[in-house]
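Residue numbers (the working numbering): -18 to 611. Below: the structure, in structure tokens.
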């Protein structure tokens, strides 16, 4: 049998992740940043082509034909590939689509062979894989339909594993390792309830955790698995109890339930103090947060005391650390503080504290490139941004989003700035060529008023274009997928970013005026195609939406950096496409704009020297932030 070249696929996938967002440093020259990224993405294109070939010719053939039995050697190779692509504990993954395909294929093989040990192992793998996928997709709620598909797959696997806790079935499991998998999932499956807040789900989660604790006291299970680490089982179950009050008790646990959790968290702290093994696996800050948070909701702490405890924990953070515990302390702890602030009655102390926290988190995320635990960081960073409080005269939501995009994926940030500049250029020249097109917008009654307010129009479209991809910061780990074609589910996720961005923007004064631009920038001019389900004719700024859509396509098509799936087209090719599709995909005004000598001159500058200038400025921004925290 020919061996699949899975190691090469893993190595190249990891290399692509690093190349797509290179870590800047003081020794790097700003003048070379554009060239470095260009070279990186040329390498990415080569690696991506190789990976697609490996998938098609060497890996996918083993993942299809579910009815065929797999040979032992193939099973071992698929297991090695599966383990290399996902680290469920650290919530770090290289390619979840491939991982879930592997788990599904191996489980089908195990079920057909009726091999109980093999089946239990693959049910466990399915729980881990689909939980990780769920965790990525739930950031897009309430728009990601795929989120519940992933949850159901994980739940089905976890519920099947729980059936093995039946004492008769448990005793028939072939070995201690298989039994331990079932015991671990008796507590771990409660993680699958994340994002669900209804009363029935809360009760079931509490029941699962109580049952998991009770297993330790049952002599049957203790005798069945004599070498099982029951103390660690208890510790992790206690930890899951503590997590239930996360995000300001969003599950709405009542005071008695929070008191139960508070007692469990205090016990967890005792285990941590007495066991070096526990200290290596769980950070003290996580335990202390669980204690003070559950204590507050149990009525044991006042709001002021709770906030002081949170600040004390936050001050103990390591701003240069990127382990799970460090991310927890640098982002979740201040998020819990943020969630306690009454926006309508915010005081000066909280304003100053939040201002400092915003700067800290901005610096933290800017310095995290290629440091590991990316998905874990993104989960809490997105939650923080969803609960952001704007501070007049200080950091706005728009500023925070742009900072996040620049930190998480510089090429997307460059694209954002480029679309802003191109859209502003189109707007400026269209006002000169056809000022009547803007009459009626923002209450302008005639051409004279349009001309008098031309700078306000230019500023509006520029800022709107800067916001057009705000929804993307929620799915940066999906955007990182360069080494293969997107799956249908992944493309569905990406297609939610205009609507998600607009929904989030509508909550903040700095971005609310531009929500229509974000929502409509992937719609065709004639509304016959594109996404989401939104008619741009309903917007008072349809003309500006259409100009941003043109700018977006123009920059994306001509970019030679950050677009690994193809090389940048020449402006001549894109020029012809825009003209040919004017009146259908693009606004009819694009014809007059692109045939105007002055507009053409400006656009050609922006796509060449202007883009290099944006990369230069992006580098300066990145390295300046890093210098400020050294």
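Ideal Cβ positions, reconstructed from N, Cα and C, are used throughout, including at glycine.
Taking the DSSP output, what are the residues bridged to residue i?
i	result
residue 504	511
residue 563	567
residue 67	74
Looking at residue i: is its Cβ nearer than 9 Å to the Cβ of residue j?
i	j	result
residue 112	residue 164	no
residue 583	residue 410	yes
residue 568	residue 524	yes
residue 85	residue 107	yes
residue -9	residue 66	yes
residue 295	residue 284	no
residue 335	residue 370	yes
residue 19	residue 595	no
residue 259	residue 204	no
residue 565	residue 505	yes
residue 178	residue 232	yes
residue 475	residue 460	yes
residue 110	residue 100	no
residue 291	residue 318	yes
residue 150	residue 159	no
residue 227	residue 274	yes
residue 11	residue 586	no
residue 450	residue 526	no
residue 452	residue 482	yes
residue 239	residue 193	no
residue 570	residue 415	yes
Where does residue i land, buried or exposed, given buried means 16+ other C-beta within 10 angstroms?
i	result
residue 288	buried
residue 29	buried
residue 47	exposed
residue 293	exposed
residue 74	buried
residue 530	buried
residue 131	buried
residue 148	exposed
residue 182	exposed
residue 601	exposed
residue 421	exposed
residue 378	buried
residue 384	buried
residue 45	exposed
residue 199	exposed
residue 413	exposed
residue 95	exposed
residue 388	buried
residue 375	exposed
residue 509	exposed
residue 13	exposed
Which class does residue i belong to by DSSP, given the choice of helix, strand or coil?
i	result
residue 434	coil
residue 355	helix
residue 602	helix
residue 217	helix
residue 262	helix
residue 583	helix
residue 545	Since pLDDT at residue 545 reaches only 48, below the 50 mark, its modelled position is unreliable, and no value is offered.
residue 426	coil
residue 522	coil
residue 240	helix
residue 42	helix
residue 118	helix
residue 448	coil
residue 256	coil
residue 12	helix
residue 310	helix
residue 290	helix
residue 557	helix
residue 367	helix
residue 279	coil
residue 178	coil
Answer yes or no: does any C-beta atom of chain C fall closer than 9 Å to that of residue i?
i	result
residue 212	This model lacks chain C altogether; it includes just one protein chain.
Could you tell me whether the segment 168 to 177 touches the segment 132 to 152, where touching means 3 or more Cβ pairs closer than 8 Å?
yes
Within the chosen definition, does the segment 557 to 564 reach the segment 581 to 600 through at least 3 CB pairs nearer than 8 Å?
no
Kindly confirm or deny that the segment 365 to 376 and the segment 301 to 317 touch, where touching means at least three C-beta pairs closer than 8 Å.
yes
Three CB pairs or more closer than 8 Å across the segment 491 to 498 and the segment 386 to 393
No, because fewer than three Cβ pairs between the segment 491 to 498 and the segment 386 to 393 fall closer than 8 Å, the two stretches do not touch.
Should the segment 253 to 266 be regarded as contacting the segment 207 to 223, the criterion being three or more beta carbon pairs within less than 8 Å?
yes
Evaluate the contact criterion for the segment 461 to 468 versus the segment 33 to 53: three or more CB pairs, one atom per stretch, below 8 Å.
yes
Report yes or no: do three or more beta-carbon pairs, one from the segment 77 to 84 and one from the segment 323 to 340, lie closer than 8 Å?
no
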